[in-house]
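For the sequence shown, this note's numbering assigns the number 2 to the initial residue and increments by one for each residue that follows.
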Amino acid sequence: AAASFNSAINQAATGTPSTPVTTTDQPNQQRSTTLPGVDPTLADAPIMDVIAPADLPGGSTFEVEIEGRGFLATVPAGGVRAGETFCCYMRELSAEGPQIPVGAWRDSFFSCFAHGIFHPSLLNAVFCPLVMLSQVMTRLGLDFMGREVAAGELPTSTSSMMTGIVVFWCTMNIGIFAAYNYKWSSNMELSYADVAAAILLNVIGFVYTLVATTATRRSIRQKFLIEDEENCEAPRDMVAAAFCLPCTVSQMARHTAVYSKYEGVCCNDTGIPDYVGSDLADVNKPKQGAYMV
């Protein structure tokens, strides 16, 4: 059985991320070396040389199917080009549990009620979408602008930065409208500066939310190879963020967490239980792309 399995590996051909790809090592063969920057618990996993089926960004994953057995390959930092050979640990899918889908969204844009009307992810998406967005960013190892950052380069956690932004925005709005109320109670007219201050503050907040949400959605598309059928991802993502922010954030949250297996959490960095990290990720730290498989 081992011989036929190893033979199948050597005969596999390069294909799309969901089809077999070429490997040059035996999955049962153990190397004496380990790959840098990888969870030590993977030290006993087989290491293979895999030929990339397409241009892939660092951290993205794809399935390798060999003789009916599925493995999960993770692209190293820096990404790879189509046809390039790279070395990685191969995790057997049967041991990984439910995976984050590759190639398509887990469910539709309007499946907000998939886990019930009182699910924490839905409540956060509706009443505090920036909190839900920060949880998605943390799962993916993104900064507060939705940009991918190399491990160890986040001086402040994304959730802390986003919390600061939300608190600042709320405080400034409360201050502005308190000043409005004082003037109204004193029979004073609002000046152009008073009105401009409120407009400017909220326009900046809206633009930030739009940019950060669109960038996060783009990062998810890149990591999980989700393409738009009409090849217009950026305009559609921006329109979705502008006109239906709760649905947009909720879909990203559902895609990057297995809510059918793990409960949602309203008020922590990732929106899922803290113990989930080691089960869903290579590295058990948000700054290194935790909670992503």
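Glycine included, C-beta positions come from ideal geometry on N, C-alpha and C.
Going by C-alpha to C-alpha distance, which of 233, 275, 260 and 272 sits closest to residue 101? 260
Which parts of the region 128–190 are runs of the beta strand (DSSP E), unbroken and 3 residues or longer, counting only runs that do not cross its ends? none
Please list the terminal residues of the continuous beta strand (DSSP E) segment that includes residue 50. 48–52
Is the Cβ-Cβ distance between residue 229 and residue 215 less than 7 Å? no
Just verifying my parser: in three-state terms, what is the DSSP assignment at residue 208? helix
Pick out whichever of 265, 221 and 73 has its Cα sitting closest to the Cα of residue 107. 221
Taking C-beta to C-beta, are residue 250 and residue 134 nearer than 7 Å? yes
Between the beta-carbon of residue 137 and the beta-carbon of residue 253, is there less than 7 Å? yes
Outcome for residue 53 when other beta-carbon atoms lying within 10 angstroms are tallied against a minimum of 16: buried
Less than 8 Å between C-beta atoms, sequence neighbours within five positions excluded: which residues of the same chain meet that for residue 167? 129, 131 and 132
Ignore the nearest five residues each way along the sequence and tell me which others in residue 1's own chain have a CB closer than 6 Å to its CB. Residue 1 lies beyond the residue range present for the chain, which begins at 2 and ends at 294; the question has no answer from this structure.
Pair within 7 Å by beta-carbon distance, residue 178 and residue 163: no
What residue from 187, 90, 175 and 182 has the CA that sits closest to residue 203's CA? 175
Excluding the 5 residues flanking residue 89 on each side, which residues of the same chain have their C-beta closer than 6 Å to its C-beta? 74 and 75
Considering only C-alpha positions, which residue in the set 206, 218, 109 and 245 is nearest to residue 234? 218
Residues in its own chain within less than 7 Å of residue 111 by CB, not counting five upstream and five downstream? 248
Might you give, ordered along the chain, the residues of its own chain that have their beta carbon closer than 6 Å to the beta carbon of residue 211, omitting 5 neighbours on each side? 242 and 243
Tell me, which residues are paired with residue 86 by DSSP? 52
Buried or exposed: residue 201, going by 16 or more other Cβ atoms within 10 Å of its Cβ? exposed
Helix, strand or coil for residue 75? Go by DSSP, reduced to three states. strand
Quick one: what's got a C-beta closer than 6 Å to residue 58's C-beta in the same chain, skipping five residues either side? 80 and 223
Considering Cα atoms alone, identify which of 48, 47 and 64 is closest to residue 226. 64
May I ask you to report which of helix, strand or coil DSSP gives residue 66? strand
Consult DSSP for residue 259 and reduce its assignment to one of helix, strand or coil. coil
Need the endpoints of the alpha helix (DSSP H) that residue 244 sits in, please. 234–244
Which one of 245, 160 and 115 has the shortest CA to CA distance from residue 269? 160
On the three-state DSSP scale, how would you describe residue 201? helix
Per DSSP, what are the beta-bridge partners of residue 91 in this structure? 74
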